Each structure stands twice: as structure tokens, then as C-alpha cells.
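S.K.: Take this structure, written in C-alpha cells, and hold onto it; I'll ask about it next.
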Amino acid sequence: MNSRFNRRSILRGILGGGAVGMGIPMLDLFLDGNGAALANGAPLPTRVGTFFWGLGLTPGQWEPTKVGANYDIKRNLEFLKGGLDKKTSIFTGFTVKLDGRPSHAHWTGLAAILAGTAPARINTFDGMPSFDTAVANTIGNGTRFKTLDATPYNATTTSYSSTGGDNYKMAADSPVALYSRIFGEGFSDPNSGEWKPDPRVMVKQSVLSTVKDQRDALWAEAGATDRARLDQYFTSVRELEQRLQNELLPPPKCESCVVPTQPEEIARKGDVPTIVRKNKDMVKLMTMALACNQTNVFNYVFTTATSEIYRPGDLPVYHGHTHEEPVDGKLGYQPISAELAQVSVNAYGDLLKAMDEVKEGDGTLLDHSLVLGFSDTGWAKIHSIDNIPMLLAGGANGRHRTGQHVKVAAEPVTRVSLTMQQLAGVPVGNFGVGSMMTSKSITEVMA
Amino acid sequence: MNFKRSLIAAAAVLLTSASTVVLTSCATDGKQTASAEAPSARGELVSMRRLTAAQYERSVADIFGKDIDLTGRFETEVRVEGLNTVGAANASISAGGLEQYYAMAASIGEQALAPKARDKTMPCKPASAKAPDDACATAFLTKYGRLAFRRPLTAEELSSRVALARRVAEQRSDFYSGLQEALTSVLASPNFLFRVERALPGKHRGDRPLDAYARASRLSFMFWNSTPDDELLTAAESGALMTKAGLQAQVDRLAASPRIADGVADFFDDAMMLDMFASQSKDPLTFPKYSGALAAAAREQTLKTIVDLLVTKNGDYRDIFTSNDTFLTRELAMVYKVPFGVGRGWAPYTFAESEGRSGVLTQISFLSLFSHPARSSPTKRGVALNEVFLCQTTPSPPGDVDFSLINEPNPLLKTLRSKLTAHATEPSCAGCHTLVDPPGLALEGFDSLGERRSYDNGELIDVTSEWQGKKFSGAVGLGRLLHDDARAPQCITKKLYASAAGRVIHEDDPALKDLTAQFTRGGYRIPAFLKVLAADDRLYKVPAARPAEQQPAAPTKVAARNGASS
Numbered sequence: 004m005n006s007r008f009n010r011r012s013i014l015r016g017i018l019g020g021g022a023v024g025m026g027i028p029m030l031d032l033f034l035d036g037n038g039a040a041l042a043n044g045a046p047l048p049t050r051v052g053t054f055f056w057g058l059g060l061t062p063g064q065w066e067p068t069k070v071g072a073n074y075d076i077k078r079n080l081e082f083l084k085g086g087l088d089k090k091t092s093i094f095t096g097f098t099v100k101l102d103g104r105p106s107h108a109h110w111t112g113l114a115a116i117l118a119g120t121a122p123a124r125i126n127t128f129d130g131m132p133s134f135d136t137a138v139a140n141t142i143g144n145g146t147r148f149k150t151l152d153a154t155p156y157n158a159t160t161t162s163y164s165s166t167g168g169d170n171y172k173m174a175a176d177s178p179v180a181l182y183s184r185i186f187g188e189g190f191s192d193p194n195s196g197e198w199k200p201d202p203r204v205m206v207k208q209s210v211l212s213t214v215k216d217q218r219d220a221l222w223a224e225a226g227a228t229d230r231a232r233l234d235q236y237f238t239s240v241r242e243l244e245q246r247l248q249n250e251l252l253p254p255p256k257c258e259s260c261v262v263p264t265q266p267e268e269i270a271r272k273g274d275v276p277t278i279v280r281k282n283k284d285m286v287k288l289m290t291m292a293l294a295c296n297q298t299n300v301f302n303y304v305f306t307t308a309t310s311e312i313y314r315p316g317d318l319p320v321y322h323g324h325t326h327e328e329p330v331d332g333k334l335g336y337q338p339i340s341a342e343l344a345q346v347s348v349n350a351y352g353d354l355l356k357a358m359d360e361v362k363e364g365d366g367t368l369l370d371h372s373l374v375l376g377f378s379d380t381g382w383a384k385i386h387s388i389d390n391i392p393m394l395l396a397g398g399a400n401g402r403h404r405t406g407q408h409v410k411v412a413a414e415p416v417t418r419v420s421l422t423m424q425q426l427a428g429v430p431v432g433n434f435g436v437g438s439m440m441t442s443k444s445i446t447e448v449m450a
Numbered sequence: 006m007n008f009k010r011s012l013i014a015a016a017a018v019l020l021t022s023a024s025t026v027v028l029t030s031c032a033t034d035g036k037q038t039a040s041a042e043a044p045s046a047r048g049e050l051v052s053m054r055r056l057t058a059a060q061y062e063r064s065v066a067d068i069f070g071k072d073i074d075l076t077g078r079f080e081t082e083v084r085v086e087g088l089n090t091v092g093a094a095n096a097s098i099s100a101g102g103l104e105q106y107y108a109m110a111a112s113i114g115e116q117a118l119a120p121k122a123r124d125k126t127m128p129c130k131p132a133s134a135k136a137p138d139d140a141c142a143t144a145f146l147t148k149y150g151r152l153a154f155r156r157p158l159t160a161e162e163l164s165s166r167v168a169l170a171r172r173v174a175e176q177r178s179d180f181y182s183g184l185q186e187a188l189t190s191v192l193a194s195p196n197f198l199f200r201v202e203r204a205l206p207g208k209h210r211g212d213r214p215l216d217a218y219a220r221a222s223r224l225s226f227m228f229w230n231s232t233p234d235d236e237l238l239t240a241a242e243s244g245a246l247m248t249k250a251g252l253q254a255q256v257d258r259l260a261a262s263p264r265i266a267d268g269v270a271d272f273f274d275d276a277m278m279l280d281m282f283a284s285q286s287k288d289p290l291t292f293p294k295y296s297g298a299l300a301a302a303a304r305e306q307t308l309k310t311i312v313d314l315l316v317t318k319n320g321d322y323r324d325i326f327t328s329n330d331t332f333l334t335r336e337l338a339m340v341y342k343v344p345f346g347v348g349r350g351w352a353p354y355t356f357a358e359s360e361g362r363s364g365v366l367t368q369i370s371f372l373s374l375f376s377h378p379a380r381s382s383p384t385k386r387g388v389a390l391n392e393v394f395l396c397q398t399t400p401s402p403p404g405d406v407d408f409s410l411i412n413e414p415n416p417l418l419k420t421l422r423s424k425l426t427a428h429a430t431e432p433s434c435a436g437c438h439t440l441v442d443p444p445g446l447a448l449e450g451f452d453s454l455g456e457r458r459s460y461d462n463g464e465l466i467d468v469t470s471e472w473q474g475k476k477f478s479g480a481v482g483l484g485r486l487l488h489d490d491a492r493a494p495q496c497i498t499k500k501l502y503a504s505a506a507g508r509v510i511h512e513d514d515p516a517l518k519d520l521t522a523q524f525t526r527g528g529y530r531i532p533a534f535l536k537v538l539a540a541d542d543r544l545y546k547v548p549a550a551r552p553a554e555q556q557p558a559a560p561t562k563v564a565a566r567n568g569a570s571s
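From first to last, the protein sequence lines are chains X and V. Those letters in the first sequence? Residues 4 to 450, per our numbering, in order. Those letters in the second sequence? Residues 6 to 571, per our numbering, in order.
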């Protein structure tokens, strides 16, 4: 292919000009003529993401009555109307098996889904990684970012993604922060037709190489706990190296990529109108990060598990409402909490809609992706860990049999996590610990 | 294939050049310190603590000057046992975080070596600004590497960076550009970003004694919350710091410096969780006065109050609960609804008794941080007060409790007190709520921002309370109670010790009782206590791991990642 020849010629040119040291280029990520597959005939990569919102949904207001395909859409999930339901599977009846461990309010549910464990202590995964790490290790190595983390929420860092050791990733927490990370320094527009390697990138590689030289000395002297943290640090160094290496290659042309303009900064507030606006901006940026081949894996947290979003002028925040608001006798549920649950799950809907609007090859970006939407609790009012909402959207390049409602009776949530990993292409046969260890994939959604 | 070969050839050239550093003489004004011994001669690595944001900022200001502008985002702190300085021992650096640290490192190098700054920064002058100069690069990296790593660089650490500086200088025909990149590699290194502590070489049974550099760091971060200065590192290099007299001399020097105010302010900023202001928001409809500037002023008000009382006036620690001496800006005065004279900036102010305030608990910082965006929270305030000042951790709400068993809250219950009282009738909730709510209820005379109020939802607020078997009323009563609570001095002793040692101090730690007794005998004076702690040999030992410590401690409740208790 001509493009291949050109890339190499360009690189040879750079090196001829006195390179400061660089690695061997990694992958040939060129699309074929119509953008449906890679140059070597392999299908487009499946993009995989997790989307979390806090405080669950309203019991009785989201679970379809009908099991299987063509399920009915309940009030909380109205965003699925108009076609997204055909691209989304819904899982009901899944639960957390505690094995005698405590159920930490607003923590155990998400820990079980992400790390397959009911941790002994709150705010930890018992040192284990979240499963998106395995996904990133499998499909995250050919792009500029191995994984991207983002949140429109107010907390300074909100990511539940962990490479282990109870350390969590840093999430870009505003539209401007996310834009700068993806489309700021080092980004090349794949469609501009003008690509020049930045010689500073090679210098950066040399700087990192000097930093990495210290790894062995530190490693030899450190104890087990510090080794784990050193390993995380040097894994981060490798991820930055991956980014730099990627920046030294001309970006493959990518028709679905439309480079966004720099967004406006939005004030740090938790009121519903502000966070909804912020979310819309940020899901669009994340969508373009996928469409522009910047990453294949992302984690997005709309709110933390104890969501403190609020309706302007309302005294209690969402979390407060879930515990204090009486169940309306006529409606049979908590009306304000239900409204805020819908705001939260709609944020997930906004991401799916943004992804589905991007045409890519023979379908949409969503068709080539897999996005798990999930929460921490089945009923926030009582901190229930039964029937935690979990939705799987996107066709995963045909691997996900979409549009199914899978209903079980108290089976572990880890079945969904395992299935998700397998659909993403992770070579994994089982997932979870104790009673939540499962090798039982949800075959109903596997094509 | 030619392409690959040319890459490999290029790499080989680079490797060769890296290993053949030729040192030539260079006039310097800094001390040339011999590089430390090879890693094999160093002791075991016993602790690694990620620099907190405050420690990073102070270190950079001390090494390169206060005018260096830092515009990056730090990794979120990990708070364990109420302290980021303890959680730092569990913290690592994510990929997103490393990008930030790298960008900050590059920016520091650019500023420190900008043409205008060079005269101040450089310990030598290169033979030519357009060509490599290994000797001058060596002098520069020896000087700044030592301050950044808090020990001399090893020969290998130094030579690889000198080689990097040379290669970049050659490529760009710019000596300073090469130096900048080498400096970036120093500041992006785990040896700078983490406080790496080593034991003395050799085998040790039980507690492992720290080496002189770890000793220097503990001292420096404890008193100044910053990297050790040249004099302290020199005392470590000469071995003086390992002697009783040498240690005492440095303790006296550090404690006598006005910079002890930095150490005390940063400690209380951490212990009172004032960093949470960064993620705070208030509902603008309810609190139009709230702004980022107000939040920053509120944080500074508390720190100014504490430094004034504990350092400037060398006062009794327990008075932080009762003293009404503080400092205000005009915008703070508007929230406190007190008169503010002409002029801008900070002015001392003493609240009158009639204003019903009592010490730091009634400042905007505490009252607003431990509230909801639009509503106060006796529970949040109570949980925080117990944890911050008394080291009493409130367990999480039980996960399996069926809240539906509790009577549905009656919409006629208007005040938070009435709602909470209804809440706490359930035995499984009452266990904790009776511990945390009473002190919080005494602070209900202040709203979510810290403004005084008499009514909640149209109903007169009752601020009487009963806690620990004692009846009291309002913030003033609560302040007196805390002032006389024996757990308060023990708690602050424990936190100061934990912060300096960077580990969880257990209740049965033999040093704790002894240190608390010394704090008490010294009249609860913080600067004097810091000197006692710093001269205590036990601070410089890392205990053999206890079974309970095999796993890192659970993060603090108040600072939970979910950030909330209802």
C-alpha cells in the first residue's frame, strides 16, 4: 500500500535528521477503502466502555415485563425509545453474593460488578483490578491512549477504574480537561492531510527512557506493597510511551472523525441543568475520541455512587431524597428520586445517542462498540444490592446479540462482567471470587 | 527492513553515547557533592510516599524559587486515618496523572532555565550556550538532583541525565534546552514524586532504623512540609544527623525558623480536610454569596487562625475550640454578618460572645464543608467532628438494614432535628446516630454556608444537646466540651505522629501514650511538641509489619470516594 510506503519514508526522514531515540512503530492501523475493516482485512476494533451512575433506578420503573427480544420500555428507560432498544440488552435479577462479607452501602455493588468481589473494606476492591483493565490490556494497545477516564461530576477525581492496589485512575473532570487531553498537544487530525512528526516527541521518549532506567534499582530494593505501586507507576510510564509512539505515526485517515472545537468551561456545580449540559459536552468528546482512533477503551462516571446532584433550589440532594422521600402511595414509588434516576440514566442515553449518530463503515460507531451502563444499588432507599441495573449497548461488531432482556433469579452480577469481557475479546474463562466466581457466560446476548 | 536496522543502529549510538560521559572541569558556585554509593550499598527500601500536592508545591518553590508557576492537576490524595500524609503510603500514579506530572516537570524546567532566570538558577556558566557542556550540566544536575531526590544522585542516575542533556543540546544546538529535558527527567522520576525511604544497610531484627536521608526528609517535611535544604542534607551526608547532638541541632534550627508556620498550616489543612474545598459546590439559588474566591478565603481564614494561635502566640491547642480571635476579609465578613472596616485584604477580628461562635468549628470552612450543597447536615458535621478532632471513626451505615422498616418520614417534621430523631429510633441506626448527631445538632444555628440562623424551615431551631452524658447548648457549649475532652489532645498527638511517620499509628502503640503525656505536660503547645517528637528516636524507625498491616488501611470515612454520609 502506498500509505505504508509513505509512512516509512517519512519516518526514515525523521531519523535521518538526527533522532533522539525511538522505538519500533507498532501497528498498522490503516482502514481499507470503505472504512469497514482494517487494511489487513480484520474487522474494525470493538470499542469498549463503562458508564456508571449512582443510586440505581426506581424499582418497578425500568425492568421490562417481557423477557427476550422486543422487550417493553418502562418509564426510567424512555431514552431507549426510537431504536436504541434494539441496540441495547437489559439484565435484571442479578445480585451480589456476599459470602459473609459486609455490604458496604454504595460500594459493594459497584465493586462486585467491576472487580468481582464483595470487598472486606469500603473504598477498596481488595487490591484487585477492575475488569476494564483486562479489556484495555487486550484491545487498548494500538491507540494513542490505552484508556480514557472522564466524569462531569464535581468530585476532583472520579474513576472507579483500578489497575489494582486500591489506586484509582485520574478522570478528566471537565469538558476543557477532557478536550485538552484528547485533542490538545500531540493530537493530529487524521483527515487534515498535513501531518508532520513533532521532533519533541522523540525527546520526550528519551526523557522517559532515563526515568525508566531507575526501575530495576528501585524494584530490587522494594517490598511487595511498594513493588505493586512502583509497577503501577511504571505501567503509567509505558502508557505515556505508547502515546508518544503513536504520535510519531501519521494518523490513518478516518472518515468518521470530526475534530471538535474547544468547548467552554462550565462552572463546578451539581445542579441538574449544569451537569446535564456538561455531560452532553463530555460524551460528545468521548465519542470523537473513539471515532478519531484516540482510544478503544474508556470509563465514564456520571456521578459517584452517593450522587449529590440536585434540582436548583431544592434543599436535599439526590442521595438525601432516596433515603428521606416517602414512597408515594398512589404512584408506588418515590417521585423526586425517580425523576433524578431518570436524569442519571438519560446521561448514559446521551452517550449512546452521540455514538449512534457517528456513521462508521457499514453502521454506526455504537454498532462497533460495547458500553456497559451500571449502578451501585438496586434500590437506593434501602441500599439494596439485589437487581442492580445493568445495560449493555452496542453491537460489538456483530458479537453482541442486542435488544435482549435477560432475567435471572439472584445470579451473580459477575456473569454480566464476564460476558462483557468475552464480547470485548478478552481471553477469559471465568471471573469473580468466592460465590461470585463464574464461568457462565450469558449466551443469550452472544451472537 | 532497512528502516528497522537504521532504528536499531540509532539506538546503539545512543546507548554508546550514554555510557561514555567525559567530565571536564567547570567553575561552579555550588558544592560538588560526591555521588552516593551504588544502590547495592544502600539499605532496604522501607517506605514510599507520594508527595502530596502541598509538598510538591513547597518543594518546587524551595528548589527553584517561589515565582515558578504550577499549572497542572495533581493526583487526588488518598486519605487514610484522616490524613493524606498517611494515605500517601498507599498512593500511586495513574497514566493520566503521569501526563500531568510530566507537563508540570517540563514547565518547571522551562521557567527555571528561561533566559531571565538562568543567572539565579545556574551554578555554572557553560562554555557555549549553543553546545553541550558536560561539566556544567553535571554541576547543575548534581545540585538540583540532590535537592529533588532528597539525597545525592547515584553515579548512574547522574550520568544518564548528563548524557541526555548532551544529546538534546547537540541536536538543538542549545545547551539550556538539553538541561531542561534532563531536569524534566529528574522531576518526573519516582525518586522525586515519591518520598522513598530506606533503612540503614545491613540486617535488622524487628524495627528497622532509617538512614540519614530518610531522617532528614522526615524532619524537613514535619517542620516545613518541604524538601530538606542544603544544610540538612549536609548533616545527613556527614553523618551528624545520626548523632543525638547533630539531630538536636537540626531540630532546633528547623523549629526556630518562621517556616514552621508552613508545616503547622499544612498539617491542619490536611487534618481538617480543607482540601475538600476543591470539589465543594453550593447551590447558587440558596447561597448567592458563595464563590470560589469565598471558599479560598474561608480555607485561609482557618489556617491563619490556627497559625496565629498555635505558632505566633504559642497558645494552648485546646483553645482552637473556644478562641474567637480570627482574621477576616470583606467577603468573609459579609457571610459572618459582622462589620468590616475600610480597606481590603485581611484584618484581625474577634467575634463577640453574642455572636454565638466558638473556635474553628464555627468557621465557614468546617460548617460549609460538612454540609450539603443547600442544606446543613448535623450528621456530616458530627461524623467529621468525631473523626477530625477526636479520632473516633463512625462505621458505615449497615448495608443490610431494611430502611423501609423505619416509619416513612412525616412531612410535618420540619427541622432536621425532628427528622433525625425519627431516623434514630431504629436501633440499628441509633447506635451511630446517637454518637454523631448530638454535636452536629448543637451547630444547627449555622446554615450550610456558615451563616447564623434562628429558624429552619420556619421553625425555631433548638440547639440544646446531650452528648457523652453531658448537657450543653449551641456551639459555645460544644466548644467548651471539646476543649475539656481528653480525647482531643490524644487525637492530635496521634495525628501529628502518624503524619510525620507516614503510617497508621495504632491505639496500643507504646509511643503514643508517652507522647500524649509529653504534649499534656508541655501545656498542649504544638511547636514544643513537634520538637519532642522530632528528637524521639522512635520516629526514625520502621516497625516490622504487623499482620493487620499486611493490607493497607481502609481510607477514611469522611473522605470516602463516594464523598458522603447522609
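Note that beta-carbon positions come from the ideal geometry of N, C-alpha and C, so glycine has one too. Quick caveat, the model's predicted, so the values are computed rather than measured.
(1) Compare the C-alpha of G398/X against each of D102/X, M449/X, S442/X and name the closest.
(2) Establish whether the CB of H209/V and some CB of chain X are separated by less than 8 angstroms.
(3) With 8 angstroms set as the bound, which would you pick, yes or no: does the beta-carbon of E115/V sit closer than that to a beta-carbon of chain X?
(4) Three Cβ pairs or more, each shorter than 8 angstroms: is that satisfied between the region 348-359 of chain X and the region 373-393 of chain X?
(5) Taking 8 angstroms as the threshold (C-beta atoms), are K84/X and T405/X in contact?
(6) Would you check if the region 52-64 of chain V and the region 261-281 of chain V touch, i.e. whether three or more CB-CB distances between them fall below 8 angstroms?
(7) Please return the same chain residues whose Cβ sits closer than 7 angstroms to the Cβ of F197/V, not counting the five positions on each side in sequence.
(8) Output, in chain order, the set of chain V residues within a Cβ distance shorter than 8 angstroms of Q217/X.
(9) Is the Cβ of F512/V closer than 8 angstroms to any Cβ of chain X?
(10) I need the straight-line Cα distance from T310/V to A292/X, nearest angstrom please.
(11) Below 8 angstroms CB to CB, which residues in the same chain sit around Q285/V once its five sequence neighbours on both sides are set aside?
(12) 8 angstroms is my cut-off, CB to CB: does M173/X come that close to chain V?
(13) Listing by chain order, which chain V residues have their CB less than 9 angstroms from the CB of G316/X?
(14) Are the C-beta atoms of A41/V and some chain X residue less than 8 angstroms apart?
(15) I want to know whether the region 221-236 of chain X touches the region 190-204 of chain X - three or more CB-CB distances under 8 angstroms.
(16) What residues match up with N302/X in a beta bridge as DSSP calls it?
(17) Looking at the secondary structure, which residues open and close the beta strand (DSSP E) in which W472/V lies?
(18) From D216/X to G150/V, what distance separates their C-alpha atoms?
(19) Between the C-alpha atoms of L41/X and T90/V, what's the straight-line distance to the nearest angstrom?
(20) What does N95/V touch in chain X if you count any residue whose Cβ is under 7 angstroms from its own?
(21) How many Å lie between G346/V and E464/V at the Cα?
(22) Run through chain X and tell me which residues come within less than 8 angstroms of I98/V, C-beta to C-beta.
(23) What are the boundary residues of the beta strand (DSSP E) that includes Y354/V?
(24) Please determine, among A389/V, P263/V, A240/V, the residue with the shortest C-alpha to C-alpha distance to Q253/V.
(25) Is there at least one Cβ from chain X nearer than 8 angstroms to L50/V's Cβ?
(26) Count the other CB atoms, across all protein chains shown, that sit within 10 Å of the CB of A427/X; report buried if there are 16 or more and exposed otherwise.
(27) Do we get a CB-CB distance below 8 angstroms when we pair V210/X with the residues of chain V?
(28) Checking contacts by CB at 8 angstroms: is S459/V closer than that to chain X?
(29) Among residues of its own chain, excluding the 5 on either side of S573/V, which ones have a beta-carbon nearer than 6 angstroms to its beta-carbon?
(30) With respect to the beta strand (DSSP E) encompassing Q407/X, which residues constitute its N-terminal and C-terminal limits?
(31) Look up H324/X in the DSSP assignment and say whether it is helix, strand or coil.
(32) Hey, quick one: how far does the alpha helix (DSSP H) through I185/X stretch, first residue to last?
(33) Along the chain, where does the beta strand (DSSP E) that runs through E202/V open and close?
(34) Distance check for L243/X and E104/V, CA to CA, integer angstroms please.
(35) Give the residues of chain V in contact with R147/X, contact being defined as C-beta atoms less than 7 angstroms apart.
M.R.: A quick look at the data gives this:
(1) Checking every option, the nearest Cα to that of G398/X belongs to M449/X.
(2) No, H209/V does not count as interfacial toward chain X.
(3) No - not a single Cβ of chain X is within 8 angstroms of the one on E115/V.
(4) Segments in contact, yes.
(5) Going by C-beta atoms, T405/X is not nearer than 8 angstroms to K84/X.
(6) As far as the Cβ criterion goes, the region 261-281 of chain V touches the region 52-64 of chain V, which means the pair count is three or higher.
(7) The residues are A153, F154, V191.
(8) Near Q217/X (Cβ distances below 8 angstroms), the residues of chain V are E162, S194, P195, N196.
(9) Looking at the sequence itself, residue 512/V is Glu, so the reference to Phe does not match. Residue-level contact by beta carbon fails for E512/V and chain X, as no gap is shorter than 8 angstroms.
(10) Roughly 47 angstroms between the two C-alpha positions.
(11) Contacts found: A300, S373, L374.
(12) Output row for M173/X: interface = yes.
(13) What G316/X touches in chain V: D288, L290, T291, A379.
(14) The predicted model places A41/V with a pLDDT of 45, which falls under 50 and marks its position as unreliable; any figure quoted below should be read in that light. For A41/V, the nearest beta carbon of chain X is not closer than 8 angstroms to its own beta carbon.
(15) By the C-beta criterion, the region 221-236 of chain X is judged not to be in contact with the region 190-204 of chain X, since fewer than 3 inter-stretch pairs fall below 8 angstroms.
(16) Here N302/X is bridged, per DSSP, to T53/X, D152/X.
(17) Secondary structure note for W472/V: its beta strand (DSSP E) is the uninterrupted segment 469-472.
(18) Looking at the two C-alpha atoms, the distance is approximately 15 angstroms.
(19) Unreliable placement is indicated for L41/X, whose pLDDT of 47 sits below 50; the coordinate value is still reported in the next sentence. About 49 angstroms.
(20) Correct list: D169.
(21) Between G346/V and E464/V, the C-alpha separation is close to 34 angstroms.
(22) Those are Q235, Y236, S239, listed as they occur along chain X.
(23) Unbroken beta strand (DSSP E) run through Y354/V: 352-355.
(24) It is A240/V.
(25) Answer yes: the Cβ-Cβ gap between L50/V and chain X drops below 8 angstroms somewhere.
(26) It counts as buried.
(27) Under the 8 angstroms criterion on CB atoms, V210/X is classed as interfacial with respect to chain V.
(28) By this cut-off, S459/V is not an interface position.
(29) Outside the displayed span of chain V (6 to 571) sits residue 573/V, for which this structure offers no information.
(30) Q407/X -> beta strand (DSSP E) spans 407-415.
(31) Three-state result, H324/X: helix.
(32) Per DSSP, the unbroken alpha helix (DSSP H) holding I185/X starts and ends at 178-186.
(33) 199-203 is the extent of the beta strand (DSSP E) around E202/V.
(34) If you take the alpha carbons of E104/V and L243/X, they lie about 7 angstroms apart.
(35) By Cβ distance, chain V contributes nothing, its closest Cβ being about 11 angstroms from R147/X, past 7 angstroms.
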